[in-house]
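Asker: Mind looking over this structure? Questions follow.
Residue numbers (my numbering), protein chains in the order written: chain G, -5 to 382; chain W, 3 to 173.
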């Protein structure tokens, strides 16, 4: 697979993440996009095309959400397209933007992700139910948490993982988020707090889950020549990968996300990474639930299958550990406005690799990092490798 | 957030702000309704559930027998070949214990959603419920069998199976 042009991230921005924002989706998208442009000194006239990532229209009750958001996303009278792969959208959006530039079609691309989940009443949970198969599953009255509980339980069973080695992820990410000025749920909690929180669908408890959120994030992409004129410290997108498994989710073994591994292999091959465990300095895997961070570390081949819970338990994945995981605070701590949460992880890689992350800065000399998102019926993996 | 950025946008609202109309709001209650044709494969599947049996489809190229049935093999990407009458029993591949309903209402008597691998398939499972057992007694790999509604109550739906219950001697 050959890419024509090397692509860099040159700017990034985001709004605060919160349960309920007064701003509309368009206003949130505008704020994030404006901040991303300002961060690299570009005007909207410098942007040749725009891509938008946003999750189900049902959250907003607004159909054609891409078109609805266009003006806030800075895409007025520009080549513009929305992309959507469920929860995987936030890391697919930069891949979509990468395609626009790597193909040689454009030299600059603004990538915007927005989510406003609070409009759906009384809880956006209801909008999620329609992901279940309409003919064979919805008549059973499923709750969204069911599929995650079924996946988490299978994962725990196959590797004989005790719940506390999963709960420690929630503790870590909410603590990391205390250093993130946009965070919705920065908290100092203990493993006991997680284990004592309300059981919703065993083994999923209240504090295993990320919140629902409103928010937006944006990045500016540029081709190599243009990027070097914009900034002295571009961060390169050196590998991208995406992969989807069957929607017949009850026909596969949920203990391992093979589709994430497939996406990671594609991205690593493009980036020339042969041994991810040695070559990746830190990672932002998708963590809407605490077990998902561990599941995805394994899918990203950052450790062996079943090994991630031990690494988390031993502190290896702390921000000052040997392999920092979700130094941002992740979805569990910063919040989960679906598509914007994924792009927040790309923003974090950008700021970390530019040494701009302040109190969240991972120690040492991080040069290579990976971000990943996941979604739909536990079937999509999206992966981006970035280098300073 | 970058250390180079000092301010960031976003104005939080509380639930009370909405309830007490402290901000201007517009509301909408969609009344969308849908009727889905069950299609060829699931149409037969549901009709057979009404007859009290579970059917799958077999692909002669890869050999897989799958349920829920489809008229094509997504692996080989060709039409699959035959209907297979399966047993109404299987094993618990994974399960959970739900203390909430579809709309997140709390319930006293928990539900036990599970993926049941149907006997005779190629590790193919369906989503259903386990019943007639304490949640504490459910195990991975437990053998279970469908409890059918009486024929006159069946409608051609996955709910024609009330739930799967442990096969005697399993507990």
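Just so you know, even glycine gets a beta-carbon here, dropped at the ideal spot from N, CA and C.
Starting from residue 128 (chain W), follow the beta strand (DSSP E) in both directions and report where the run begins and ends.
Answerer: 127 to 131 is the span of the beta strand (DSSP E), which, as asked, contains residue 128 (chain W).
Asker: Residue 27 (chain W): buried (16+ other C-beta within 10 angstroms of its C-beta) or exposed?
Answerer: Under this definition residue 27 (chain W) is an exposed residue.
Asker: When you compare the CB positions of residue 162 (chain W) and residue 54 (chain W), do they come within less than 9 angstroms of one another, or not?
Answerer: Their beta carbons are under 9 angstroms apart, which means residue 162 (chain W) touches residue 54 (chain W) by this criterion.
Asker: Quick check: is the beta carbon of residue 204 (chain G) nearer than 9 angstroms to any beta carbon in chain W?
Answerer: No, its Cβ sits nowhere closer than 9 angstroms to a Cβ of chain W.
Asker: What's the C-alpha gap between residue 307 (chain G) and residue 162 (chain G)?
Answerer: Their backbone Cα atoms lie some 7 angstroms apart in a straight line.
Asker: Beta-carbon separation of residue 363 (chain G) and residue 377 (chain G) under 9 angstroms?
Answerer: Cβ atoms of residue 363 (chain G) and residue 377 (chain G): not closer than 9 angstroms.
Asker: Cβ of residue 295 (chain G) within 9 angstroms of Cβ of residue 255 (chain G)?
Answerer: Cβ atoms of residue 295 (chain G) and residue 255 (chain G): closer than 9 angstroms.
Asker: Tell me residue 150 (chain W)'s beta-bridge partners as DSSP assigns them.
Answerer: Note: residue 150 (chain W) sits in a beta bridge opposite W:163.
Asker: How would you list, in chain order, the residues of chain W whose beta-carbon sits under 9 angstroms from the beta-carbon of residue 170 (chain G)?
Answerer: Result: empty, since nearest Cβ-Cβ is about 13 angstroms, beyond 9 angstroms.
Asker: What residue range is occupied by the uninterrupted alpha helix (DSSP H) comprising residue 144 (chain W)?
Answerer: Note, residue 144 (chain W): premise wrong, no alpha helix (DSSP H); not H, not E.
Asker: Taking 9 angstroms as the threshold (beta carbon to beta carbon), is residue 95 (chain W) in contact with chain B?
Answerer: Within the model displayed, chain B is absent; protein chains G and W are what it includes.
Asker: Using a Cβ-Cβ cut-off of 6 angstroms (strictly less than) and excluding sequence neighbours within five positions of residue 66 (chain G), which residues of its own chain qualify?
Answerer: These residues qualify, in order along the chain: 20, 23, 24.
Asker: Residue 83 (chain G) by DSSP, collapsed to three states: which one?
Answerer: DSSP places residue 83 (chain G) in helix when its eight states are reduced to three.
Asker: Tell me the rounded alpha-carbon separation between residue 360 (chain G) and residue 152 (chain G).
Answerer: Answer to the nearest angstrom: the Cα atoms are 34 angstroms apart.
Asker: Straight-line CA distance for residue 179 (chain G) to residue 283 (chain G)?
Answerer: Approximately 14 angstroms between the Cα atoms of the pair.
Asker: Is any beta-carbon of chain W found at less than 9 angstroms from that of residue 167 (chain G)?
Answerer: So no, residue 167 (chain G) is outside the interface.
Asker: First and last residue of the alpha helix (DSSP H) that includes residue 335 (chain G)?
Answerer: 332 to 347 is the extent of the alpha helix (DSSP H) around residue 335 (chain G).
Asker: Only counting the same chain, and skipping five residues up and downstream in sequence, which positions put a Cβ closer than 6 angstroms to that of residue 92 (chain G)?
Answerer: If we look at residue 92 (chain G) and ignore the five residues flanking it on each side, its Cβ neighbours are 1, 231, 234.
Asker: Expressed to the nearest angstrom, what Euclidean distance is found between the alpha-carbon atoms of residue 49 (chain G) and residue 88 (chain G)?
Answerer: Distance between the alpha carbons of residue 49 (chain G) and residue 88 (chain G) is about 15 angstroms.
Asker: Less than 9 angstroms between the beta carbons of residue 338 (chain G) and residue 176 (chain G), yes or no?
Answerer: Contact: yes.
Asker: Identify every run of the beta strand (DSSP E) within the stretch 237 to 299 of chain G, keeping only runs that are complete inside it and at least 3 residues long; order them along the chain.
Answerer: Runs of the beta strand (DSSP E) inside the stretch 237 to 299 of chain G: 276 to 278.
Asker: Check the Cβ-Cβ distances between residue 49 (chain W) and every residue of chain G, and say whether any is below 9 angstroms.
Answerer: By this cut-off, residue 49 (chain W) is not an interface position.
Asker: Ordered along the chain, which non-local residues of its own chain (more than five positions away) have a Cβ less than 6 angstroms from that of residue 75 (chain W)?
Answerer: Excluding positions up to five away in sequence, the list reads 61, 82.
Asker: Give the residues from the stretch 70 to 87 of chain W that approach chain G closer than 7 angstroms (Cβ to any Cβ), ordered along the chain.
Answerer: Residues passing the 7 angstroms Cβ filter: 70, 76.
Asker: The alpha helix (DSSP H) that contains residue 201 (chain G), what's its start and end?
Answerer: No alpha helix (DSSP H) holds residue 201 (chain G); DSSP gives it neither H nor E.
Asker: Have a look at residue 125 (chain G) and residue 52 (chain G) and give me their C-alpha separation to the nearest angstrom.
Answerer: Cα-Cα distance, rounded: 11 angstroms.
Asker: I want to verify the contact list: residues of chain W whose CB lies under 9 angstroms from the CB of residue 120 (chain G), in sequence order.
Answerer: The contacting residues are 104, 105, 106.
Asker: Return the chain-ordered list of same chain residues with a C-beta closer than 6 angstroms to the C-beta of residue 379 (chain G), the five sequence neighbours on each side being excluded.
Answerer: These residues qualify, in order along the chain: 232, 233, 261, 265, 364.
Asker: Could you tell me how far apart the beta carbons of residue 121 (chain W) and residue 92 (chain W) are, in whole angstroms, since I believe they sit closer than 8 angstroms?
Answerer: Going by Cβ atoms, the distance from residue 121 (chain W) to residue 92 (chain W) rounds to 5 angstroms, so yes, they are a contact pair.
Asker: Under the rule that 16 or more other beta-carbon atoms within 10 Å means buried, what is residue 16 (chain W), buried or exposed?
Answerer: So residue 16 (chain W) ends up on the exposed side.
Asker: In this structure, what does DSSP give as the bridge partners for residue 43 (chain G)?
Answerer: Answer by DSSP bridge pairing, in chain order: G:103.
Asker: Can you tell which of G:79, G:31, G:237 has its C-alpha closest to the C-alpha of residue 68 (chain G)?
Answerer: Here the closest residue by C-alpha is G:31.
Asker: DSSP three-state label for residue 95 (chain W), please.
Answerer: It is a strand residue.
Asker: Could you tell me which residues DSSP puts in a beta bridge with residue 122 (chain G)?
Answerer: In DSSP, residue 122 (chain G) forms no bridge with anything.
Asker: The alpha helix (DSSP H) with residue 28 (chain W) in it runs from where to where?
Answerer: Unbroken run through residue 28 (chain W): none, as it is neither H nor E.
Asker: Do the stretch 22 to 39 of chain W and the stretch 264 to 280 of chain G touch if we need at least three Cβ pairs shorter than 8 angstroms?
Answerer: No: fewer than three Cβ pairs fall under 8 angstroms.
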